[in-house]
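**Q**
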Amino acid sequence: PPPPPAGRPGRPRFDVWATLPQMFFDQADRLGGRPMLRVKRGGEWRQTGWHDVAAQVVRVARGLAALGVARGDRVALVAENRPEWLVADLAIMSLGAVTVPAYTTVGTPDYAHVLRDSGAKLALASGSTAPGGVLSRKVYAAAVEVESCETLVTIDGPQLPADPHLRTLDWDGLLALGDGDADDLPDPRRSAAEGKADDMACIIYTSGTGGLPKGVMLSHRAVLANCAGATEVLDEIGLEDELFLSCLPLSHAYEHSCGQFFPISIGAEIAYAEGVDKIGANLGEVKPTVVLVVPRLMEVVMARILREVEKAPENRRKLFNAALEMGKERYRRGGRLPFWKRPADILLDRLVRAKVRQKLGGRIKGLISGGAALSPEVGLFFQGLGFPLLQGYGQTEAAPLISVNRFSNPRVDSVGKPVKDCQVRIGSDGELLVRGPNVMLGYWNDPAATERALNDGWLHTGDVGHLDEGGRIVITDRKKDILVTSGGDNVSPARVEGKLTLEPEIGQAVVVGSERPFIAALIVPDWEIARDWARRRGKPEGIEGLCADPEFRKLVSDAVDRANAGLTQTERVRRFALVANPFTIENGLMTPTMKIKRAAVIQSLKAELDKLYA
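Residue numbering for the sequence shown follows the numbering used here, starting at -1 and increasing by one per position.
#1: Would you call the CB atoms of LEU113 and ALA141 closer than 9 Å?
#2: Quick one: which unbroken beta strand (DSSP E) runs of 3-plus residues sit fully inside the segment 501 to 544? Chain order, please.
#3: By Cβ distance, which residues of its chain are closer than 6 Å to GLY130, with the 5 residues on each side in sequence left out?
#4: For the structure I just gave you, are there three or more beta carbon pairs, one from the segment 212 to 225 and one from the segment 190 to 204, closer than 8 Å?
#5: Can you give the Cα-Cα distance for PHE23 and ALA52, rounded to whole angstroms?
#6: For LEU122, I'd like the list of residues in its chain whose CB is within less than 6 Å of its CB, leaving aside the five on either flank, ordered along the chain.
#7: Classify LYS497 as buried or exposed, calling it buried when 16 or more other Cβ atoms lie within 10 Å of its own Cβ.
#8: With burial defined as no fewer than 16 other Cβ atoms inside 10 Å of the residue's Cβ, what is the status of SER249: buried or exposed?
#9: So, for LYS604: in the same chain, excluding its five sequence neighbours on each side, which residues have a beta-carbon less than 8 Å away from its beta-carbon?
#10: State the DSSP-derived secondary structure class of ASN627, mapped to helix, strand or coil.
#11: Jot down the residue ranges of each uninterrupted beta strand (DSSP E) in the segment 161 to 245, minimum 3 residues, whole runs only, in chain order.
#12: Run through DSSP, which three-state label would THR483 get?
#13: With distances taken from CA atoms, which of ARG69, LEU520, ALA100, PRO186 is nearest GLY213?
#14: If you follow the beta strand (DSSP E) that GLU429 is in, where does it begin and where does it stop?
#15: Is the segment 386 to 393 in contact with the segment 308 to 315, if contact means three or more CB pairs nearer than 8 Å?
#16: Might you give, ordered along the chain, the residues of its own chain that have their beta carbon closer than 6 Å to the beta carbon of GLY278, omitting 5 neighbours on each side?
#17: For the alpha helix (DSSP H) that PHE22 lies in, which residues bound it at each end?
#18: If you draw a straight line from the C-alpha of ASP161 to the C-alpha of ILE153, how long is it?
#19: Specify, as a first and last residue, the run of the beta strand (DSSP E) that TYR391 falls within.
#20: Determine the DSSP secondary structure at MET592, reduced to helix, strand or coil.
#21: Can you tell me whether ILE202 sits near the ligand NAD, meaning its C-beta is under 8 Å from at least one heavy atom of the ligand?
#22: Under the three-state reduction of DSSP, which class applies to VAL417: helix, strand or coil?
#23: State the Cα-Cα distance for the pair LEU481 and SER512, rounded to the nearest angstrom.
#24: Compute the distance between the beta-carbons of LEU610 and ALA575, then report whether it is under 9 Å.
#25: According to the neighbour-count rule (16 or more other Cβ atoms, all chains shown, within 10 Å of its Cβ), is ASP108 buried or exposed?
#26: Could you tell me the alpha carbon to alpha carbon distance between ILE262 and GLY41, rounded to whole angstroms?
#27: Which residues in the same chain have their Cβ closer than 8 Å to the Cβ of LEU164, if we skip the five residues on either side of it in sequence?
#28: With a CB to CB cut of under 7 Å and the five nearest residues on each side skipped, what residues in its chain are close to ARG573?
#29: If you follow the alpha helix (DSSP H) that HIS622 is part of, which residue opens it and which one closes it?
#30: Among ASP411, PRO435, ARG39, LEU383, which one has its Cα closest to the Cα of LEU457?
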């Protein structure tokens, strides 16, 4: 089809674009000086236009080529979400090379594994995520151990020690190399156009909830299929001048495909959040229209809203609850209330829901939740407040988008219908099988794992579920996570944990019970609730002391009882242990996308668990 009018976002040309950098350069040529990226520096939000970003991509690509990067080479990328991440990613791919993202929250041994396993020739690392350039120093320590890695490029990084086996230079030095006049340096635009859809675009390592991360090989076709699927979904609300807030790690397939390349495909602008702790402020400053979220983030937002309501005067609490309940009723009725309730609903929307929406910027068209299961109660809460929160489902092995709810008929108890061109069927054991252009090429350097995961083109997801009457996917649990008690009962830990963490007093929970006589739980109390409770009673606020306090334990026990009321007899938590230290990325008990590493938690707290069954 002919290109859309210059300077305006138009329909994506998925039938024309074969590679991701080809898509980017095509969009940049059309959109010109229109803002593409926004980042806060020196206390001010600064924008960069499409043409300027394209010029940087060309310079970085030529600089990488001058350092010896060629088609098929792997290049590691370790940085927080920032414009340089996108520029480097596109520059690598425009040469026909392969981007290997890595999380900023892991340690030197993890970086060494990624560099060594991928055979990365070069690494780029940011030094600005922590004082003293801790990140680039960790990557440097890994790179000097890996023979294949010849060069480390730092972004805002400190001076690194000299090493005879590793060349180091900074971002400006890389750009300077790209400004050279060497005739033998490739034209990134031409090489991007020469690429094939089935060429490997990136190797994304799984977050490692179940052991050593595996490298998932994704083609340009797979990521473009994700963009096409997302476009069809958001077409329901009209795609025009969209602004995405990038707050999930770009090293995760979800943000990489749907938070970076999808906005590029529709000509949208991307604003980079300053960090997890600044998301609330950034929402109000940039006023995005689309935000990708993970369930844990929405649980935190919900808890904060409810705490504010609890502290409000009685009349405001009543108004909030009335607006919430009427919104839930509208959802249950398929989006329409009886005509006699509509005037009150309109009034409550102005008095309550509109004010809550303003706190999140006031322009949000869609909050798209992925990365883990979203509790139906959390989904219903935001639907009740008028937020278009859609739960989706995916896996890194599917680039990652498999399904998502639709704005016209969202369902909090499902992850929606499969996206365009993605086929889903249920195996004989209830496992979800997926086939389509979004499915991975395989696992890097692991043909045995590839053979287990892919059978006749069908990806074996390891997730158990079914299709409802509307063709929507309903996930019940991970195949390997189902707990089978010693009595032979099957229990979904995700369902029980979801009920527990809905209680304000419970911050985190891990449920156990495999080959045990009953279900037990490890519970991390909510710190704010615990502190306020201690202050009101004049008790010390230390969480370790509170975990040993019988009165505080009774508070949590009552919360467990309330959660148990919504569970079957076999699912109910019979005993629990209070854990003072939360499960975090830093202590290795949570993935960078805020999923608790169940096996690691159980192993680290084995003594406490054994006491529960003594």
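Beta carbons are placed, not taken as given, at the ideal position from N, Cα and C, and that holds for glycine.
Computed from a prediction, not measured in an experiment: that's the story for all the values here.
**A** Here's the rundown:
#1: The residue given as residue 113 occupies position 115 in the sequence shown. The residue given as residue 141 occupies position 143 in the sequence shown. In contact: LEU113 and ALA141 (Cβ atoms closer than 9 Å).
#2: Entirely contained in the segment 501 to 544, the beta strand (DSSP E) runs reaching 3 residues are, in chain order, 504 to 510, 517 to 523.
#3: Translated into the one-based positions of the sequence shown, residue 130 becomes position 132. Per-residue confidence for GLY130 stands at a pLDDT of 47, beneath the threshold of 50, marking its modelled position as unreliable; the derived number appears in the next sentence. Cβ within range, chain order: n/a, list empty.
#4: Yes: the two stretches touch, three or more of their Cβ pairs being nearer than 8 Å.
#5: Taking the sequence shown and counting its residues from 1, the one referred to as residue 23 is at position 25. Taking the sequence shown and counting its residues from 1, the one referred to as residue 52 is at position 54. Their backbone Cα atoms lie some 7 Å apart in a straight line.
#6: Here residue 122 refers to the residue found at position 124 of the sequence shown. For LEU122, where only same-chain residues beyond five positions count, the Cβ hits under 6 Å are LEU75, ALA86, VAL151.
#7: Taking the sequence shown and counting its residues from 1, one reaches residue 497 at position 499. The residue is buried, with at least 16 neighbouring Cβ atoms inside 10 Å.
#8: Counting from 1 along the sequence shown, the entry for residue 249 is found at position 251. Answer is buried; the Cβ neighbour count reaches 16.
#9: Here residue 604 refers to the residue found at position 606 of the sequence shown. Correct list: empty, nothing qualifies.
#10: This structure leaves residue 627 out entirely; the chain is present only between -1 and 612.
#11: Runs of the beta strand (DSSP E) lying entirely within the segment 161 to 245, each at least 3 residues long, are 165 to 168, 198 to 203, 213 to 217, 241 to 244 in chain order.
#12: Locating residue 483 in the sequence shown gives position 485, where the first residue counts as 1. Coil at THR483, not helix or strand.
#13: If you number the sequence shown from 1, residue 213 lands on position 215. Of the residues ARG69, LEU520, ALA100, PRO186, the one whose Cα lies closest to the Cα of GLY213 is ALA100.
#14: Translated into positions along the sequence shown, residue 429 becomes position 431. Note, GLU429: beta strand (DSSP E), 429 to 433.
#15: No contact exists between the segment 386 to 393 and the segment 308 to 315.
#16: Taking the sequence shown and counting its residues from 1, one reaches residue 278 at position 280. Excluding sequence neighbours, GLY278 sits near nothing in its chain.
#17: The count along the sequence shown starts at 1 and reaches residue 22 at position 24. It spans 18 to 29 - the alpha helix (DSSP H) in which PHE22 sits, taken as one unbroken run.
#18: Locating residue 161 in the sequence shown gives position 163, where the first residue counts as 1. Locating residue 153 in the sequence shown gives position 155, where the first residue counts as 1. So the two alpha carbons sit approximately 19 Å from each other.
#19: The count along the sequence shown starts at 1 and reaches residue 391 at position 393. Judged by DSSP secondary structure, TYR391 falls within the beta strand (DSSP E) whose first and last residues are 387 to 392.
#20: In the sequence shown, counting from the first residue as 1, residue 592 sits at position 594. MET592 falls in the coil class under three-state DSSP.
#21: Of ligands this structure carries none, so the ligand NAD is not represented either.
#22: In the sequence shown, residue 417 corresponds to position 419, counting from 1. Secondary structure at VAL417: coil, using DSSP grouped into helix, strand and coil.
#23: Taking the first residue of the sequence shown as 1, we reach residue 481 at position 483. Taking the first residue of the sequence shown as 1, we reach residue 512 at position 514. Our two residues, LEU481 and SER512, have alpha carbons roughly 5 Å apart in a direct line.
#24: As a working note, residue 610 is residue 612 in the sequence shown. As a working note, residue 575 is residue 577 in the sequence shown. In terms of Cβ geometry, LEU610 and ALA575 form a close pair [threshold 9 Å].
#25: Start at 1 with the first residue of the sequence shown, and residue 108 comes out as number 110. Answer is buried; the Cβ neighbour count reaches 16.
#26: If you number the sequence shown from 1, residue 262 lands on position 264. If you number the sequence shown from 1, residue 41 lands on position 43. Computed Cα separation, rounded: 26 Å.
#27: The sequence position of residue 164 within the sequence shown is 166, counting from 1. Closer than 8 Å at the Cβ level, and outside the excluded window around LEU164, lie TYR138, ALA141, VAL142, CYS147, GLU148, THR149, LEU150.
#28: Counted from its first residue, the sequence shown places residue 573 at position 575. ALA518, LEU610.
#29: A question about residue 622 goes unanswered here, because the residues of the chain that appear run from -1 up to 612.
#30: Position 459 of the sequence shown, counted from the first residue, corresponds to residue 457. Looking at the Cα atoms, PRO435 is the closest of the given residues.
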